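Q: Residue numbers (UniProt numbering), protein chains in the order written: chain A, 1 to 420; chain B, 1 to 88; chain C, 1 to 934.
Note that CB positions come from ideal geometry on N, CA and C, so glycine has one too.
Just so it is clear, the structure is predicted and the values come from calculations on it, not from any experiment.
Take this structure, written in structure tokens, and hold onto it; I'll ask about it next.
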Amino acid sequence: MPNRFSFLTLAREALRSHAGWRPQWRSPERPQPAYDIVILGGGGHGLATAYYLAKEHRVGRIAVLEKGWIGGGNTGRNTTIIRSNYLFPESAALYDHAVRLWEGLSAELNYNVMFSPRGVLMLAHGEHDVQSLKRHVHANRLAGVDNEWLAPAACKAFCPPLDISPAIRYPVLGGALQRRGGVARHDAVAWGYARAASALGVDILENCEVTGIARDPRGGAVTGVETSKGHIRCGKLGVVAAGSTSLVMAMAGLRMPLESFPLQALVSEPVKPVFPCVAMSNTIHAYVSQSDKGELVIGAGTDQYTSYSQAGNVQILEHTLEAICEIFPIFRRMRMLRAWGGIVDVTPDRSPIIGTTSVPGLYVNCGWGTGGFKATPGSGHVFAATIARSEPHPIAAPFSLDRFVTGRVIDEAAAAAVMH
Amino acid sequence: MLLIACPWCGPRPEMEFRHAGEAHLARPADPAAVSDAAWAAYLYERSNPRGEHAERWRHLHGCGRFFNARRHTLTDRISATYKPGEAP
Amino acid sequence: MRLPSGGRIDRSKPLRFTFDGRAFTGFAGDTLASALLANGVHLLGRSFKYHRPRGLLSAGAEEPNALVEIDRGPGRREPNTRATMVPLVEGLTARSQNRFPSLRFDLAALASLAAPLLPAGFYYKTFLGPGREAWHRRWEPLIRRMAGLGRAPEAPDPDRYAHRFAHCETLVIGAGRAGIAAALEAAEAGDRVILCDEQMEPGGRLLLSPGEVPGLAALRGNLRVTLLPRTTAFHYGLQNFVSLAEILDRPDGLRERLWQVRTARVVLATGALERPLPFRGNDRPGVMLADAARAYAARWAVLPGRQAVLLAAHDSGYEAAFALQDRGARIAAILDLRAAPPLAAAARARGIEVRAAHGIAATRGGLRVTGVLAAPLRPDGSPDAARATPIPCDLVLMAGGWTPNLALFSQARGRLRWDEAADAFLPGEVAEALTCAGACAAGRGPGHPIAAIAAGALTARRAFVDPQNDVTTRDIALAVQEGFRSIEHVKRYTTTGMATDQGKVGGMLGLATAAAASGRTVPETGHTTFRPPYTPLSFGTLAGRHRGPLFDPIRTAPSHGWAEAHGAVFEPVGQWQRARAYPRAGEALHAAVARECLAVRQKAGLLDASTLGKIEIVGPDAAEFLERCYVNAVHSLRPGRCRYALLLREDGFLFDDGVLARLAEDRFHLTTTTGGAARVLHLLEDYAQTEFPALRVFLTSTTEHWGVAALQGPAAREMLAPLVRGCELAALPHMTVAEAEVMGIPARLFRVSFTGELGYEINLPADRLPELWEALIAAGATPYGTDAMHVLRAEKGYVIVGQETDGTVTPLDLGLGWVIGKAKRDFIGKRSLARAEMQRPDRRQLVGLAPLEGRAPEEGAQLLARPGAREAEGHVTSAYASAALGRPIALGLLARGRARHGETVLATRLDGPPQPLQIVPPVFWDPEGKRLHG
């Protein structure tokens, strides 16, 4: 069992040179021959799924298979923005479920995930943006999700580095503020869920790559997975593989409505507190907050072509910093310290897929695109219920795969698209 | 920034081009005759491979033509570009 | 201390500068670092976590400690600048950072006392309470104030940045011995060569010798060679697309230039970085990399100390010690981790005491080192403190061996391979046309193995691996103990290698420490990924000139000049600036809009509609092509006639609308929305080229060719008629087009209306439009802007794609089913309209909404069936004060809306309780269309 985390244990360990800390999670070298449920993918969503399966559904033996190191994919590569001010009620319900779990997550996991509800401000730069964001405010308030409209001066008061001069190319005409939104420490989310899941008996197998999915020759149901650590039998298989989902599902003969794109982010050198909130502009593609360490954390866009290279073009960084310098001109002399890329799996309607598949025993949770981190606890929670009960959790139900056949898509991106 | 060989214009920087998705997806000749599932497969399902990928590009800020390319999605190396209707 | 002679400085040019308000003098050719050292300033900063005193560690780009604030005046203050990379200039103002109240006495250094409570990752284990949001409300603000280094700038940067593209056959990165040789060779072979180097003077370690750098003169004289000093290659992209940042600091305000180089071949000559050594107190000011101390003495004629102790794991340290000795320093002792140092005899011959198999048990001193405890090594490689002897000194040299500098090689997706003999990662396979030359290819010879060095320091206290982030060997060992085995996990848990030097200094040592702690070898442990940029890069350099109006090009309509001169208020619509309204002096915007609306309804108004997209579609199969793309019946459209046309996406949702005019059997003039012009053309080209390649059809964008004046209102015909020749206006019914001369200019004359009034859209070559514009104004037309246009079209129930629609709306939802050609077998999106979801009876449909009280609803308001309802049935898409009707009007999308005319719904408000609206047909003005056809 891992040590309990508290100031007292920290103080006690300080007196004995920290000799008593045990591994935060068990990472067995070899898997057991069989598990009731195997979760494929050791990112935040997969680890959260395993944790809630073990904690709330008590389904027996559970393993998480991770081809590299846990939290090494998009969990450890994103800009950690958390918010739930989505337009459609289905989306708002899903993301707000997550925000409510975020609010108690450090206590739940006994791990400081540094959830910091410092407010997310989304900026409007034209009449169309104003209409769109106000529509969000109306819809969110009705759905019980906090969101408020700020005039430019109020935006400036909330986010002092913002340039609200009417003379800039895309002047700020106002903003929608979700005060419950914020950021969290991404690595801690993966580690905290891993530690808590491990304490409940979940096996976390790192450096374990899945190479095939075994199915019953008669009914087609999933019976196990082939891995770099040998064959593992399982009753149910939950795929939470983000950018690699298409590849894994192809092992079960399924084609997915997904494309994987490189997405970049960057941080500046650390400076003293200068940016108190999270600010986003979808119109000019600027997304920024400041980490507790002091770095400006800046999200960039995706490249135009699909790729698994985890590297992006310098042009994308250029466009991102142009946008940052345009609305935060005091940052022009700041320096980019580090840029990196992840692989995001994008659906046609930019909403995730959570649910069952046409293969018995195979479940999938994917398609989070550029915004999956914020959903981590909610995604794991509803996916765990979906796997345990073999039917979609009510919050997950609208996000089924078959919406692409019926046409009942949840197109948040189109709803926000700038068109005239 | 990729260096892309337009089959009409020769090698040009990526900024002159627009990516246009997976290649060789045939629109059903008679859409009314296909099932909802088959239509959804045409509209939305993509191979999204890790490896060789057949994809479309348009030389938007050049000759304006669409063409096909084979690119490895792990290395982003383009092994061939070819005109529509041609083999790689 | 400045030496009386030598160095590459110009003693005839003294330069004054200040540091923390104290005035000093240096010379041209100094860096800020060398000038401070020359003035005896050794304390230059404080570390990130414990606020421990820090001095210079290096003399180059890898410097982690000597980060200062440079202030060149308002808007030109920048934090975290490496003192080693700042050329001294007259009047330079530098300040230390991350200290309070002063650098010498920093209260936050008390954190050091609590260090046992603050091991790696301590913040994950505590700050969990008390109470809810304890982290956010109580602890995070404290942590944030303690963290961070310098202060962000406070004013916009007035300097300029430039971009340049370049092509060459050979790009050489690093102008040391290997780089200069490679550049000379390539230039002789006829290549265009770019040679860049991050230092202010090219030469690399050749600069340690006096005199001209060999080969540089030949390069400077060769026109095929571009030599770029102070230029850092920071990003290595695919197919040898390399980005360089050149620092100019020109007096005219041009600060930096971004070079983006496509090159056939890259020669990487980036040298090797000296490794520090781990021992207790290895972070004190005065503890320095041996080669850096040598550089200060040789290049800048500065002795960093009078009495030095060398701790050596590599022979290169002896060269440094000898060089310092030659310039007057006393070498108190050489402690060598190796049992049989090869150069011991040479050192002893110089009178230097050498102790083999010795290390440092600890350093002594406060703000500067005053001595070391030299100790023999135990069998496990750790210094035996019990047998330690003190040696006084004011300088400790660390010669820990060398790490080939392969960050860019790694960015080029090259694989690093561990070379046991070199005791380093060396370049392995790489797909790019890239070769490594010099020390980055082969290292600089082995010394005491890094694995043994790390193993000997695992239990040392305060042996720093990452001096900026205060990561010690014990922190790394703790991470391993807690189960963090992947080197990426160790990095993230301890933050080692995440400081502003990005692991250049301590990366290898951290890796070896993690390996030692986990009982693995260095290659088994692997290395972390090298990420761009190579060294920190100004945001402004990447952003370049793309600011203000150049951030995104501004497109203006032909009447823009007139509008500006007449006080128009503009709004951005995509890239366009469109006139929103033309308020008269003292007139409020809403009053101007009302006046403009009434003018159109009562007489005639004039809108510049030139921003609408226009596509000329020509060819024998043009009609068949459009028939297959648009929802409309096109074959039945006769020449001279127009139709309101809709284009869907293949998923059935509305993509764009416009007017399709047939000019001849084989020629169409199609308009699109302002924002949709490019994407409509792209989509049509896609179908023309790839789905229907057999059709003979050509598409040409004519958006910029045609200027469009929309003259709308009951008096439109009489105003326009005198200007027209070749067309009888009265014979031109609604939805027709004719070619005619307007003011003697060939024009296309459309009888169309987006207002519900009699109206014409006159298309002229764009440069001639202002003539017509002024003539129509003179004839009594009132100019109106986009705000009035929005009101006028809403009064008539005309939708705007992007306002009434949002990418989830079908033509049927909008009541536009009549536009769809009934007999058509196929068009883009038709199949999708047959899906179950599109057929649902409860889809949201376009309705008119009439407020039952005096005010307009808010756009975006949610529509509720009853008070207290939690689910919306739709939303308000448009809402305006209608001057013509004398009351507010609105449009909305509402579930089953068309069947609910006469019912009441509630619209949410942000400023109060929901307001009741009556559901009405969406056409408020002239429902019979008499005025349109008048």
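1) Quick check on the DSSP output: the beta strand (DSSP E) that includes residue 942 of chain C runs from which residue to which?
2) Would you report the Cα separation of C:Val799 and B:Glu55, rounded to the nearest angstrom?
3) Starting from C:Leu864, follow the alpha helix (DSSP H) in both directions and report where the run begins and ends.
4) A:Ile62 bridges to which residues according to DSSP?
5) Using alpha carbons as the reference points, say which of C:Val905, C:Ala357, C:Arg280, C:Gly176 lies closest to C:Pro867.
6) Which residues in the same chain have their Cβ closer than 6 Å to the Cβ of A:Leu173, if we skip the five residues on either side of it in sequence?
7) Could you spell out where the beta strand (DSSP E) holding C:Met288 opens and where it closes?
8) Leaving out the 5 sequence neighbours to the left and right, which residues in its chain are closer than 6 Å to C:His358 when beta-carbon positions are compared?
9) When the distance is taken between beta carbons, is C:Ser382 closer than 8 Å to C:Thr459?
10) Name, please, each residue of chain A whose Cβ falls closer than 8 Å to the Cβ of B:Ala41.
11) Just mark A:Ser268 as buried or exposed, buried being the case when its beta carbon has 16 or more other beta carbons within 10 Å.
12) For A:Lys236, which residues does DSSP report across the bridge?
13) In angstroms with no decimal places, state the Cα-to-Cα distance between C:His635 and C:Leu684.
14) So with Cβ pairs under 8 Å, would you call C:Asp159 a contact of chain B?
15) Is any heavy atom in the ligand MN found nearer than 7 Å to the beta carbon of A:Leu263?
16) Please classify A:His420 as buried or exposed, where buried requires at least 16 other C-beta atoms within 10 Å of its C-beta.
17) I need the DSSP call for C:Ala879, collapsed to helix, strand or coil.
18) Mind checking which residues open and close the alpha helix (DSSP H) that includes A:Ile387?
19) Pick from A:Ala388, A:Asp292, A:Trp149: whose alpha carbon is nearest that of A:Thr79?
20) Can you name, in chain order, every residue of its own chain whose Cβ lies under 7 Å from the Cβ of C:Ala738, other than the five neighbours on each side?
21) Is there a Cβ from chain D that is less than 8 Å from the Cβ of B:Glu55?
22) If you pair each beta-carbon of the stretch 556 to 564 of chain C with each one of the stretch 356 to 366 of chain A, do three or more pairs fall below 8 Å?
23) Measuring only between beta-carbons, confirm whether A:Pro166 sits less than 8 Å from chain B.
24) What are the residues that DSSP puts in a beta bridge with C:Ile745?
25) Under 9 Å Cβ-Cβ, which residues of chain C neighbour residue 105 of chain B?
26) Comparing the C-beta of A:Val418 with each C-beta of chain C, is any distance below 8 Å?
27) So with Cβ pairs under 8 Å, would you call A:Asn313 a contact of chain B?
28) Work out the CA separation of C:Leu663 and C:Thr541 for me, nearest whole Å.
29) Would you mind stating whether C:Thr270 and C:Asn240 have Cβ atoms separated by less than 8 Å?
30) Under the rule that 16 or more other beta-carbon atoms within 10 Å means buried, what is C:Gln712, buried or exposed?
31) Are C:Leu395 and C:Ala312 closer than 8 Å when you measure CB to CB?
32) Apart from the five residues just before and just after C:Met508, which ones in its own chain have a Cβ nearer than 7 Å to its Cβ?
33) Among A:Val222, A:Thr306, A:Val274, which residue has its Cα nearest to the Cα of A:Glu259?
34) Any beta carbon from chain B within less than 8 Å of A:Gln264's own beta carbon?
35) Pull up the distance between the alpha-carbon of C:His235 and that of C:Leu343, whole angstroms please.
36) Could you please give the first and the last residue of the uninterrupted alpha helix (DSSP H) stretch that includes C:Arg220?
A: On the basis of the data shown:
1) Because chain C spans 1 through 934 in this model, residue 942 of chain C falls outside it and cannot be assessed.
2) Along the third sequence, one-based indexing puts residue 799 of chain C at 799. Along the second sequence, one-based indexing puts residue 55 of chain B at 55. If I take the Cα positions, the gap works out to 36 Å.
3) Reading the third sequence from its first residue, position 864 is the one you call residue 864 of chain C. Note, C:Leu864: premise wrong, no alpha helix (DSSP H); beta strand (DSSP E) at 862 to 864.
4) Residue mapping note: residue 62 of chain A aligns to position 62 of the first sequence, counting from 1. DSSP, once it has assigned bridges, lists A:Ile37 as partnering A:Ile62.
5) What you label residue 867 of chain C is simply residue 867 of the third sequence in a count that begins at 1. C:Pro867 has its Cα closest to that of C:Val905, out of C:Val905, C:Ala357, C:Arg280, C:Gly176.
6) Looking up residue 173 of chain A in the first sequence gives position 173. So the qualifying residues of the chain are Ala124, Val130.
7) Taking the third sequence and counting its residues from 1, the one referred to as residue 288 of chain C is at position 288. C:Met288 -> beta strand (DSSP E) spans 287 to 289.
8) As a working mapping, residue 358 of chain C is identified with position 358 in the third sequence. Result list for C:His358: Leu335, Ala374, Pro376, in chain order.
9) Sequence index remark: in the third sequence, residue 459 of chain C carries index 459 (1-based). Sequence index remark: in the third sequence, residue 382 of chain C carries index 382 (1-based). Cβ distance < 8 Å, so C:Thr459 and C:Ser382 count as in contact.
10) Translated into positions along the second sequence, residue 41 of chain B becomes position 41. Result: Arg255.
11) Within the first sequence, residue 268 of chain A is the residue found at index 268, counting from 1. By the 10 Å Cβ count, A:Ser268 comes out buried.
12) Position 236 of the first sequence, counted from the start, is the residue given in the question as residue 236 of chain A. A:Lys236 pairs with A:Ile37.
13) Here the question's residue 635 of chain C lines up with position 635 in the third sequence. Here the question's residue 684 of chain C lines up with position 684 in the third sequence. If I take the Cα positions, the gap works out to 18 Å.
14) One-based indexing of the third sequence puts residue 159 of chain C at position 159. C:Asp159 does not count as touching chain B.
15) The model depicted lacks the ligand MN and carries no ligand whatsoever.
16) Counting from one through the first sequence, the residue named residue 420 of chain A turns up at place 420. For A:His420, the predicted structure reports a pLDDT of 34, less than 50, and the residue's modelled location is therefore unreliable. A value from the coordinates is still provided. That one is buried.
17) For this step, residue 879 of chain C is matched to residue 879 along the third sequence. Residue state, collapsed to three classes: strand.
18) For the purposes of this step, residue 387 of chain A is identified with residue 387 of the first sequence, where counting begins at 1. Its alpha helix (DSSP H) spans residues 376 to 389.
19) For the purposes of this step, residue 79 of chain A is taken as the residue at position 79 of the first sequence. The residue with the shortest Cα to Cα distance from A:Thr79 is A:Asp292.
20) Position 738 of the third sequence, counted from the first residue, corresponds to residue 738 of chain C. Correct list, in chain order: Gly640, Cys727, Leu732, Leu749.
21) Absence of chain D from the displayed structure is noted, the protein chains being A, B and C.
22) no
23) Against the first sequence, residue 166 of chain A aligns to sequence position 166. Output row for A:Pro166: interface = no.
24) As a first step, residue 745 of chain C must be located in the third sequence, where it is residue number 745. Answer by DSSP bridge pairing, in chain order: C:Val742.
25) Past the boundaries of the shown model lies residue 105 of chain B; chain B is included only from 1 to 88, so the question cannot be answered.
26) Stepping through the first sequence from its first residue, residue 418 of chain A is reached at position 418. Low confidence applies here, because A:Val418 scores a pLDDT of 41, under 50, leaving its location unreliable and the question unanswered by this model.
27) Residue 313 of chain A sits at position 313 when you count from the first residue of the first sequence. Closer than 8 Å: yes.
28) Numbered from its first residue, the third sequence carries residue 541 of chain C at position 541. Numbered from its first residue, the third sequence carries residue 663 of chain C at position 663. Distance between the alpha carbons of C:Thr541 and C:Leu663: 51 Å.
29) Residue mapping note: residue 270 of chain C aligns to position 270 of the third sequence, counting from 1. Residue mapping note: residue 240 of chain C aligns to position 240 of the third sequence, counting from 1. No, the Cβ-Cβ distance between C:Thr270 and C:Asn240 is not below 8 Å.
30) As a first step, residue 712 of chain C is located in the third sequence; it is residue number 712 there, counting from the start. Counting Cβ neighbours within 10 Å, C:Gln712 comes out buried, since at least 16 surround it.
31) Reading the third sequence from its first residue, position 395 is the one you call residue 395 of chain C. Reading the third sequence from its first residue, position 312 is the one you call residue 312 of chain C. Result no, Cβ atoms of C:Leu395 and C:Ala312 do not sit closer than 8 Å.
32) Residue numbering aside, residue 508 of chain C sits at position 508 when the third sequence is read from its first letter. Here the set comprises Arg275, Thr403, Ile450.
33) For the purposes of this step, residue 259 of chain A is taken as the residue at position 259 of the first sequence. A:Glu259 has its Cα closest to that of A:Thr306, out of A:Val222, A:Thr306, A:Val274.
34) The count along the first sequence starts at 1 and reaches residue 264 of chain A at position 264. No, A:Gln264 lies away from the interface with chain B (no Cβ there is under 8 Å from its Cβ).
35) As a working mapping, residue 235 of chain C is identified with position 235 in the third sequence. As a working mapping, residue 343 of chain C is identified with position 343 in the third sequence. Cα to Cα, the separation comes out at about 40 Å.
36) Against the third sequence, residue 220 of chain C aligns to sequence position 220. Its alpha helix (DSSP H) spans residues 216 to 220.
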